[in-house]
Amino acid sequence: HVSMRARGMEMASKDCVQVAVRVRPFNKRERDAGSRCIISVTNNNIIIQDPRNPQNSRTFTFDYTYWSHSGFSRNKDGLFVSEETGGRYSVFLDLGQGIHDNALQGYNATLLAYGQTGSGKSYSMVGYGPNKGLIPTLCDRLFQSIKSMQDSRQCQVFFSMLEIYNEQVLDLLSKTSRSAGGLRVREDQQRGFYVEGLRRVPCDSAAQVEQLMEQGTRTRTTVATHMNANSSRSHMLIIIQLKQIFSKECITKQSNIYLVDLAGSERQRSSGSEADRLKEGTAINLSLTTLGNVISALADMALGKKVVHIPYRDSVLTKLLQSALGGNSRTVMIATLSPADICYEESLSTLRYAERAKRIQNKAVVNES
Ligand code: ADP
Ligand code: MG
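If you're matching positions, the sequence shown starts at 1 in UniProt numbering and goes up one per residue.
Following this line, the structure appears as structure tokens:
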């Protein structure tokens with residue numbers, strides 16, 4: 001069943017951050033523990049029930065909701081849960097197609113995945129194979145569109161991939177950035193914040209991007225192992241730059257697509273030494289906490305409250321996402337949830353976070369010169 005939503009185009013007419021919530025199926029641990037389902041999905045609503053007090057439920061409304069659970073129509077408490085609506089195809093049409101269309105028109109676009117570790121951020125963003133995620137599908141479409149372009153425009157695509165860990169920026173496509181203690185974030189009038197010396201690889205096929213993503217993912221794992229760190233505590237950022245040259249009209253359009261797999265949103269508990277704990281506690285939380293503060297400030301602003309300061313400069317992540325949040329970008333957030341009672345606190349906190357993000361207003365313009 002295909003809904004009547006004007007897919008893709010919907011994003012172009014709105015400047016609010018679009019927010020989707022996706023609920024994954026139970027995992028083995030939850031099934032083995034006999035976990036109860038406390039989330040139900042009806043149309044655009046997510047209903048979450050307090051497992052200690054089932055009378056106490058809250059309803060949140062989002063632009064898109066996905067239920068990835070099949071073979072389930074009512075949970076134990078008789079709450080209705082919808083049929084499978086989480087097909088990958090519909091997720092891409094809702095969230096990815098608009099980014100593709102916008103990029104070709106010359107807009108910046110951002111896609112952020114937020115949620116606790118194990119809730120499906122990477123599954124939704126980077127999955128390859130039968131569960132192709134948003135990033136690979138987006139790249140497929142982008143190169144298809146470029147190849148079938150009817151006019152005389154020339155397209156160039158550049159791919160970058162980085163990680164933010166403990167407020168350090170590591171280039172996942174370069175071997176040297178780690179030993180150099182990470183890359184610097186700089187600011188200039190024209191570009192805003194950017195990562196100095198970040199590798200930009202020219203690409204002309206989705207297969208090439210896939211290869212680079214594999215390389216980057218491998219580096220990320222190796223670095224995490226080497227530093228005895230947990231990669232769920234780092235933020236992964238992919239930047240795709242699309243440059244379109246219309247030589248007849250003497251116009252160049254440029255779009256930056258930011259694709260962000262955020263660190264796990266759960267309260268960070270370090271397993272390392274006291275020193276590691278202190279360092280991680282301040283630094284990892286710094287980027288995610290600051291993101292939360294920026295989102296709250298922007299949400300307040302949208303509600304008409306007086307906000308004097310948006311703390312973009314307080315963390316690396318929020319510097320790099322400045323234009324994505326309240327600036328020149330069309331932005332989509334996918335928040336991911338476990339359906340299980342044991343994740344109640346984290347899921348409720350994710351829903352609240354996502355609800356605030358929904359209020360943010362951006363001012364996207366076509367980047368033309
Ligand atoms: P995260 O990146 O948020 O830590 P993952 O994306 O790695 O979580 O997901 C954890 C596990 O759950 C993986 O094995 C993944 O395949 C599975 N999973 C996540 N989301 C879904 C979904 N929507 N449908 C089916 N399996 C999922
Ligand atoms: Mg992940």
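In this text, a Cβ means the ideal position worked out from N, Cα and C, and glycines have one as well.
Opposing strand residues paired with A364 [DSSP bridges]: Answer is none; A364 lacks a bridge partner.
Any non-hydrogen atom of the ligand MG within 6 Å of S119 CB: It does not: the Cβ of S119 is nowhere closer than 6 Å to a heavy atom of the ligand MG.
Check: S122 C-beta below 6 Å from any heavy atom of the ligand MG: Under cutoff, so the answer is yes.
Beta strand (DSSP E) segment containing R31, residue limits: It is not in any beta strand (DSSP E) - R31 instead sits in the alpha helix (DSSP H) that spans 28 to 32.
Residue interval of the alpha helix (DSSP H) (run including V126): Element bounds for V126: 121 to 126.
Cβ-heavy atom distance, P136 to the ligand ADP, below 6 Å: In terms of side-chain proximity, the C-beta atom of P136 is found no nearer than 6 Å to any non-hydrogen atom of the ligand ADP.
beta-carbon S338 near the ligand ADP non-hydrogen atom, thresh 6 Å: Between the ligand ADP and S338, a heavy atom-to-CB distance of less than 6 Å is absent.
Classification of V64 by the beta-carbon crowding that lies within 10 angstroms, buried from 16 upward: Residue identity check: residue 64 is Tyr in the sequence provided, not Val. Y64 comes out buried.
Of the listed residues D171, G129, N166, S152, nearest to F159 (C-alpha basis): With distances taken between CA atoms, F159 lies nearest to D171 out of D171, G129, N166, S152.
Residues bridged to T42 [DSSP beta-bridge criterion]: N45, per the DSSP bridge assignment.
Three CB pairs or more closer than 8 Å across the region 252 to 261 and the region 110 to 117: Yes: at least three Cβ pairs fall under 8 Å.
Spatial distance of F31 from R199 (CA atoms): Here the sequence assigns Arg to residue 31, which means Phe is not the residue at that position. Using only the alpha carbons, I get a separation of about 43 Å.
The ligand ADP heavy atom lying under 6 Å from the CB of residue 371: Any question about residue 371 goes unanswered here, given that the chain covers just 1 to 369.
Near the ligand ADP: S90 beta-carbon under 6 Å from a heavy atom: No.
V169 - partner residues in DSSP beta bridges: Under DSSP, the beta-bridge partners assigned to V169 are I164, L183.
Stretch pair the region 47 to 64 + the region 360 to 367: three plus CB contacts closer than 8 Å: Taking 8 Å as the limit for Cβ pairs, the verdict is that the region 360 to 367 does not touch the region 47 to 64.
Outcome for V157 when other beta-carbon atoms lying within 10 angstroms are tallied against a minimum of 16: Buried, because 16 or more other Cβ atoms sit within 10 Å of the Cβ of V157.
Span of the alpha helix (DSSP H), counted from its first residue to its last, around D63: Neither: D63 is in no alpha helix (DSSP H) and is coded neither H nor E.
Residues that DSSP places opposite N56 in a beta bridge: N56 is not bridged to any residue.
Own chain partners of G182 with C-beta closer than 8 Å, once the 5 adjacent residues on each side are dropped: If you ignore the 5 residues before and after G182, its C-beta comes within less than 8 Å of the C-beta of Q168, V169, L170, all in its own chain and listed in chain order.
Test item: CB-CB of N44 and F62 under 7 Å: For N44 and F62, yes; Cβs fall inside 7 Å.
Three-state secondary structure (DSSP) of M213: DSSP, reduced to helix, strand and coil, places M213 within a helical segment of the structure shown.
Spatially closest choice to V209 from R330, S347, Q97, D140, by CA coordinates: Ranking R330, S347, Q97, D140 by CA distance to the CA of V209 puts D140 first.
Cβ contact check for the region 232 to 246 and the region 345 to 355: 3 or more pairs under 8 Å: In this structure the region 232 to 246 does not touch the region 345 to 355; the number of beta carbon pairs closer than 8 Å is below three.
Spatial distance of L173 from R220 (CA atoms): L173 and R220: Cα-Cα distance of roughly 10 Å.
Closest Cα partner of R29 within the set V17, G118, Y66, I46: Closest option to R29, Cα to Cα, is G118.
Same chain, Cβ closer than 6 Å to I238, five either side skipped, listed in chain order: Contacts found: M161, L259.
Heavy atom of the ligand ADP within 6 Å of S68 beta-carbon: Checking every heavy atom of the ligand ADP against the Cβ of S68, one is found closer than 6 Å.
Burial state of N23, where buried means 16 or more other Cβ atoms lie within 10 Å: The amino acid occupying residue 23 in the given sequence is Val; Asn does not appear at that position. Flag for V23 reads buried.
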